[in-house]
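Colleague:
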Amino acid sequence: MAEIPEQVRRRSAKLILDEDGARVSLWEEEYPIPREDVAKVYVCKKSFFTYGLCFQMKDPRDYIFWFRGNRKKAEAALWLVRGARYPVSRKIYQATHGRLDRE
Numbered sequence: 005m006a007e008i009p010e011q012v013r014r015r016s017a018k019l020i021l022d023e024d025g026a027r028v029s030l031w032e033e034e035y036p037i038p039r040e041d042v043a044k045v046y047v048c049k050k051s052f053f054t055y056g057l058c059f060q061m062k063d064p065r066d067y068i069f070w071f072r073g074n075r076k077k078a079e080a081a082l083w084l085v086r087g088a089r090y091p092v093s094r095k096i097y098q099a100t101h102g103r104l105d106r107e
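Each residue of the sequence shown is one higher than the one before, starting from 5 at the first, in the working numbering.
1. Can you tell me whether Glu79 is helix, strand or coil according to DSSP?
2. Report buried or exposed for Phe69, applying the criterion of at least 16 other Cβ atoms within 10 angstroms of its Cβ.
3. Quick check on Gln60: buried or exposed, where buried means 16 or more other Cβ atoms within 10 Å of its Cβ?
4. Would Tyr90 and Arg39 be called neighbours here (beta carbons separated by less than 8 angstroms)?
5. Considering just the uninterrupted stretch of the beta strand (DSSP E) at Gly56, what are its terminal residues?
6. Pull up the CB-CB distance for Ala99 and Lys50, whole angstroms please, since I reckon it's below 8 angstroms.
7. Over the uninterrupted beta strand (DSSP E) stretch that includes Glu33, give me the two end residues.
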């Protein structure tokens with residue numbers, strides 16, 4: 005399985021959610037986000053109209069996908085992730101402030 009490249013953290017990437025799980029699409033390449041590597045997934049808030057979906061990994065990495073608009077888009081994505089059997093938290097945190105080691 006290919007490791008998600010460092011560029012994903014710096015560039016726009018597309019999050020693909022389906023019954024098989026979550027994948028990151030970057031320049032026509034797809035990288036899966038393995039369930040066993042994810043500590044939890046939660047909705048995070050950047051500003052009044054910008055919410056995101058944060059994948060907190062068991063190692064120090066975090067993958068954050070921002071949605072423009074209201075919180076409902078991020079919450080709908082969270083329910084899709086939950087349906088794909090990822091561990092989720094219903095609390096809303098600031099980005100990276102919901103890490104398990106800080107709770």
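We put the beta carbon where it would ideally sit given N, CA and C, even for glycine.
Modeller: Judging by the given coordinates:
1. helix
2. buried
3. buried
4. yes
5. Thr54 to Met61
6. 6 angstroms
7. Glu33 to Ile37
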